[in-house]
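Participant:
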Amino acid sequence: MDMHLSAPPIEVTPDDLVNLASRSAKMLERIRTQMLQPFPRKSPPIFPSGKLQELCGIDKARFAYLIKKGELPQGVQEKPGAARQFTLAEAIRWVRAERKPYQRPVGRKGKVIAIGNFKGGVTKTTTSMVLAQGLSLRHGRKVLHIDMDPQGSATTLYGINPHAEVTGDQTILPVVEAYVNGEPYSMKSLPQETYWENLHLIPSSTDLFNAEFMLPARVHASPTTKFWNVLNEALDELRDEYDYIIIDTAPTLSYLTINALFAADGVIVPVMPDTLSFASMVQFWSLFSDMVSGMRQFDDGAENMKVFDFIDILVTRMKTQTKAEASGARRSNASVVRDWVISTYGDRVLPVEIPDTTEIARTTTTDFSTVYDFPNYDGNAILFRRVRTAYDQLVDLIDSKACYLWDKE
Ligand SMILES: Nc1ncnc2c1ncn2[C@@H]1O[C@H](COP(=O)(O)OP(=O)(O)OP(=O)(O)O)[C@@H](O)[C@H]1O
Ligand SMILES: [Mg+2]
C-alpha cells in the first residue's frame, strides 16, 4: 500500500474536544473586535444625464425639453454647461414621470417573491438584491426585502454587518417568538430604511437560527400547528404597503425556508448550468412537492390549497462561449445542461440567462455590491453591459407578470 502521510491521524478524546472548544472560543474573543466592526456605509449610485436618459427610454432632445420645462428634478452641474448628475431618488422620479409604470390598483396586494434553491451558491442572494433594486429603480416600485438566511448575506449587501449591527429583535425572529408564545405581533415596525430609495429591509442575524428550534418545539407540543403559515399570516398587514416583498432564503429546507416559500406568490429558482446543480434540482422539486402536498392534509378544503402565481427557473452564471463553442465546433457543458433544463422544465424557464460575472468580480474592488450599484462601471465594460441588460430583462419580466396579475385579479 502506498502511504504518504507526513503525520499519523491524531486521536480525539472527549477532553480533546473540550480543549478544542475552549481554544476556538478564545480565538473568537481575540478576533471579535475585528469581526464586529460596522461595515462602511453604502451610498446609492449617481446617474449622469446619459444614464438617466437610457433608464427613462428618452432621447437627448426630450431630456433637454424636460429640463427646460423644469417640472422634474434638475440634478446638479459642477459648473454651468457641465453634464448634469442625478441622485437615485431623482432618477426614480424621472422614471415614474417618463416610463409611467402601471400602478398597482388600490386594494390589490403586493406580490411576495421568494428566491429559493436548496443548493448553496447558486446566486439566490444576488438575484434577490438585484430584483429588489431593479424593481424600485426601473419601475418606481416600493419594495421590502426580507433576509431569511441566518447567514445574513443579503443584509451585508446593504452595508450592514449582520453580526455586529443587527440584533435578533430587528429580524423576523419576534414574529416566530410571538407565534410560539401564542401572542399577537405586528410586523409593521420591522422594515428599516436603507441606502436605497423606496427599498426597505428586514435584516438577518445569526439569532435567526433560534427559529429552527422554536418552531419544531411548538410542533412537538401541538402537532396540528400550521408551522409553515407563520410568516404568511404575519406578512398580511405589509402586503398593502409594498408592491413587492422579496425574500432571500437559506440553501436548506429549514423551517424558515418553508415559511418563505409558503408566504410566496411567486418563486424564482436560480440554477447554475452544471451537472451537479441539475441533479440537485431533482431533490429540490421532490422536497418542495412533498412540503406542499404534506400541508394539504391540514387544509380545510380546496379553497385553502396553496397555489403559486408562478415558479420560474432562472439559468444563471452562464460562461461566455469560447470561439470553438460559438462557431458550433464544440459544445460547452453549460449549454448542454442548459438544454436539459429547458427540455425538462419548458415554459417555467425564464427566457433570460444571467452571464457569469467572475471576470467583473476580479476587476472591481468593492465587495457587497451588484450591477445596479454602479451605473457608470468602466472595468470590463462589455461583460458588465451584458450582465446589466440580462438583469434589466429579468426585472422587467417579473414586473410585467405582477402587472398582469394585478390587472386581472
Ligand atoms: N452572475 C454571476 N456570475 C458569477 N458569480 C456570481 C454571479 N452572481 C453572483 N455571483 C457570486 O457567486 C457567489 C454566490 O452568490 P450568492 O451569495 O448570491 O449565492 P446564494 O445562492 O445566495 O448562496 P448561499 O446558498 O450561500 O446563500 C457570490 O460570491 C456572488 O458574488
Ligand atoms: Mg444566499
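With my numbering applied, the sequence shown covers 125 to 533.
Heads up, the beta-carbon is just placed ideally off N, CA and C, and yes, glycines get one too.
(1) So, for residue 466: in the same chain, excluding its five sequence neighbours on each side, which residues have a beta-carbon less than 6 Å away from its beta-carbon?
(2) Alpha carbon to alpha carbon, what distance is there between residue 403 and residue 462?
(3) Taking C-beta to C-beta, are residue 129 and residue 272 nearer than 8 Å?
(4) One question on the structure: do residue 507 and residue 483 come within less than 8 Å of each other, judged by their Cβ atoms?
(5) Can you list, in chain order, every residue whose CB sits closer than 5 Å to a heavy atom of ligand 2?
(6) May I ask whether a heavy atom of ligand 1 can be found less than 7 Å away from the beta carbon of residue 510?
(7) Taking the C-alpha atoms as reference points, what is the distance between residue 250 and residue 207?
(8) Going by DSSP in three states, residue 441 sits in which element: helix, strand or coil?
(9) Tell whether a beta-carbon distance below 8 Å holds between residue 326 and residue 391.
(10) Along the chain, where does the beta strand (DSSP E) containing residue 312 start, and where does it finish?
(11) Using the beta-carbon count (16 or more within 10 Å), is residue 528 buried or exposed?
(12) Would you say residue 370 and residue 476 are within 8 Å of each other, going by their C-beta atoms?
(13) Below 6 Å CB to CB, which residues in the same chain sit around residue 438 once its five sequence neighbours on both sides are set aside?
(14) Roughly how many angstroms lie between the CA atoms of residue 523 and residue 530, to the nearest whole one?
(15) Rounded to the nearest angstrom, what separates residue 339 and residue 375 at their Cα positions?
(16) Rounded to a whole number of angstroms, what is the C-alpha to C-alpha distance between residue 265 and residue 309?
(17) Counting only runs of 4+ residues fully inside the stretch 210-263, write out the alpha helix (DSSP H) ranges in chain order.
(18) Report buried or exposed for residue 262, applying the criterion of at least 16 other Cβ atoms within 10 angstroms of its Cβ.
(19) Does the stretch 233-242 touch the stretch 397-417, meaning 3 or more C-beta pairs lie closer than 8 Å?
(20) Between the stretch 170-179 and the stretch 282-301, do at least 3 Cβ pairs fall closer than 8 Å?
(21) What is the DSSP secondary structure of residue 317, counted as helix, strand or coil?
(22) Whole angstroms is fine: what's the gap from residue 197's alpha carbon to residue 256's?
(23) Tell me, please, whether the stretch 344-353 touches the stretch 218-237 by the rule of three or more beta-carbon pairs shorter than 8 Å.
(24) With respect to the alpha helix (DSSP H) encompassing residue 362, which residues constitute its N-terminal and C-terminal limits?
(25) When DSSP builds the beta bridges, which residues end up paired with residue 201?
(26) Is the distance from the Cβ of residue 358 to the Cβ of residue 299 below 8 Å?
(27) Between residue 384 and residue 337, what straight-line distance do the alpha-carbon atoms span, to the nearest angstrom?
(28) Which word fits residue 135, buried or exposed, when buried means at least 16 other C-beta atoms lie within 10 angstroms of its C-beta?
(29) Quick one: Cα of residue 366 to Cα of residue 314, how far?
(30) With DSSP run on the structure shown, which of helix, strand or coil describes residue 508?
(31) In terms of residues, what are the limits of the beta strand (DSSP E) holding residue 392?
(32) Who are the near neighbours of residue 497 in its chain, counting only those whose CB is closer than 7 Å to its CB and skipping five residues on each side?
(33) Closest to residue 247 by C-alpha separation, out of 521, 397, 322, 532, would be which residue?
(34) Quick one: what's residue 287 bridged to in DSSP?
(35) Verify whether the separation of the beta carbon atoms of residue 479 and residue 288 is less than 8 Å.
(36) Less than 8 Å between the C-beta atoms of residue 167 and residue 319, yes or no?
Facilitator: In this structure, then:
(1) Here residue 466 refers to the residue found at position 342 when the sequence shown is read from its first residue. Beyond the five residues adjoining it in sequence on each side, residue 466 comes within less than 6 Å, by CB distance, of 473 in the same chain, given in chain order.
(2) Mapped onto the sequence shown, residue 462 falls at position 338. Mapped onto the sequence shown, residue 403 falls at position 279. Whole-angstrom Cα-Cα distance: 12 Å.
(3) As a position in the sequence shown, residue 129 is number 5, starting the count at 1. As a position in the sequence shown, residue 272 is number 148, starting the count at 1. Between residue 129 and residue 272, the CB-CB gap reaches or exceeds 8 Å.
(4) In the sequence shown, counting from the first residue as 1, residue 507 sits at position 383. In the sequence shown, counting from the first residue as 1, residue 483 sits at position 359. In this structure, residue 483 lies closer than 8 Å to residue 507 by Cβ.
(5) The answer, residue by residue, is 248, 249, 277.
(6) Counted from its first residue, the sequence shown places residue 510 at position 386. No, the Cβ of residue 510 stays beyond 7 Å of every heavy atom of ligand 1.
(7) Position 126 of the sequence shown, counted from the start, is the residue given in the question as residue 250. Position 83 of the sequence shown, counted from the start, is the residue given in the question as residue 207. Cα to Cα, the separation comes out at about 32 Å.
(8) In the sequence shown, the residue the question calls residue 441 occupies position 317. Strand at residue 441.
(9) The residue given as residue 326 occupies position 202 in the sequence shown. The residue given as residue 391 occupies position 267 in the sequence shown. No, the Cβ-Cβ distance between residue 326 and residue 391 is not below 8 Å.
(10) Along the sequence shown, one-based indexing puts residue 312 at 188. It is not in any beta strand (DSSP E) - residue 312 carries neither H nor E in the DSSP assignment.
(11) Locating residue 528 in the sequence shown gives position 404, counting from the first residue. Around the CB of residue 528, fewer than 16 other CB atoms lie within 10 Å, so the residue is classed as exposed.
(12) Start at 1 with the first residue of the sequence shown, and residue 370 comes out as number 246. Start at 1 with the first residue of the sequence shown, and residue 476 comes out as number 352. In this structure, residue 476 does not lie closer than 8 Å to residue 370 by Cβ.
(13) Residue mapping note: residue 438 aligns to position 314 of the sequence shown, counting from 1. Only 392, 394, 474 meet the Cβ criterion.
(14) Position 399 of the sequence shown, counted from the first residue, corresponds to residue 523. Position 406 of the sequence shown, counted from the first residue, corresponds to residue 530. Looking at the two C-alpha atoms, the distance is approximately 10 Å.
(15) Here residue 339 refers to the residue found at position 215 when the sequence shown is read from its first residue. Here residue 375 refers to the residue found at position 251 when the sequence shown is read from its first residue. The alpha-carbon atoms of residue 339 and residue 375 are separated by roughly 18 Å.
(16) Walking along the sequence shown from the start, residue 265 turns up at place 141. Walking along the sequence shown from the start, residue 309 turns up at place 185. About 26 Å.
(17) 212-223, 248-263
(18) The residue you call residue 262 lines up with position 138 of the sequence shown. By the neighbour-count rule (16 or more Cβ atoms within 10 Å), residue 262 is buried.
(19) yes
(20) no
(21) Position 193 of the sequence shown, counted from the start, is the residue given in the question as residue 317. The answer is strand: DSSP assigns residue 317 an E or B state.
(22) Residue numbering aside, residue 197 sits at position 73 when the sequence shown is read from its first letter. Residue numbering aside, residue 256 sits at position 132 when the sequence shown is read from its first letter. Approximately 24 Å, taken between the alpha carbons.
(23) no
(24) Taking the first residue of the sequence shown as 1, we reach residue 362 at position 238. Segment: none, residue 362 is in no alpha helix (DSSP H) and carries neither H nor E.
(25) By 1-based counting over the sequence shown, the position of residue 201 is 77. The partner list for residue 201 (beta bridge, DSSP) reads 208.
(26) As a position in the sequence shown, residue 358 is number 234, starting the count at 1. As a position in the sequence shown, residue 299 is number 175, starting the count at 1. Contact: yes.
(27) Reading the sequence shown from its first residue, position 260 is the one you call residue 384. Reading the sequence shown from its first residue, position 213 is the one you call residue 337. Going by the C-alpha atoms only, they are around 17 Å apart.
(28) As a working mapping, residue 135 is identified with position 11 in the sequence shown. That one is exposed.
(29) Here the question's residue 366 lines up with position 242 in the sequence shown. Here the question's residue 314 lines up with position 190 in the sequence shown. Near 13 Å, if we compare the C-alpha coordinates of residue 314 and residue 366.
(30) As a first step, residue 508 must be located in the sequence shown, where it is residue number 384. Correct three-state label for residue 508: helix.
(31) Taking the sequence shown and counting its residues from 1, one reaches residue 392 at position 268. For residue 392, the enclosing beta strand (DSSP E) has its first and last residue at 390-395.
(32) Position 373 of the sequence shown holds residue 497. Closer than 7 Å at the Cβ level, and outside the excluded window around residue 497, lie 169.
(33) Walking along the sequence shown from the start, residue 247 turns up at place 123. Ranking 521, 397, 322, 532 by Cα distance to residue 247 puts 397 first.
(34) Here residue 287 refers to the residue found at position 163 of the sequence shown. For residue 287, which the question treats as bridged, DSSP gives no partner whatsoever.
(35) Residue 479 sits at position 355 when you count from the first residue of the sequence shown. Residue 288 sits at position 164 when you count from the first residue of the sequence shown. The answer is no: Cβ separation not under 8 Å.
(36) Indexing the sequence shown from 1 puts residue 167 at position 43. Indexing the sequence shown from 1 puts residue 319 at position 195. Yes; because the gap between Cβ atoms is below 8 Å, this pair is in contact.
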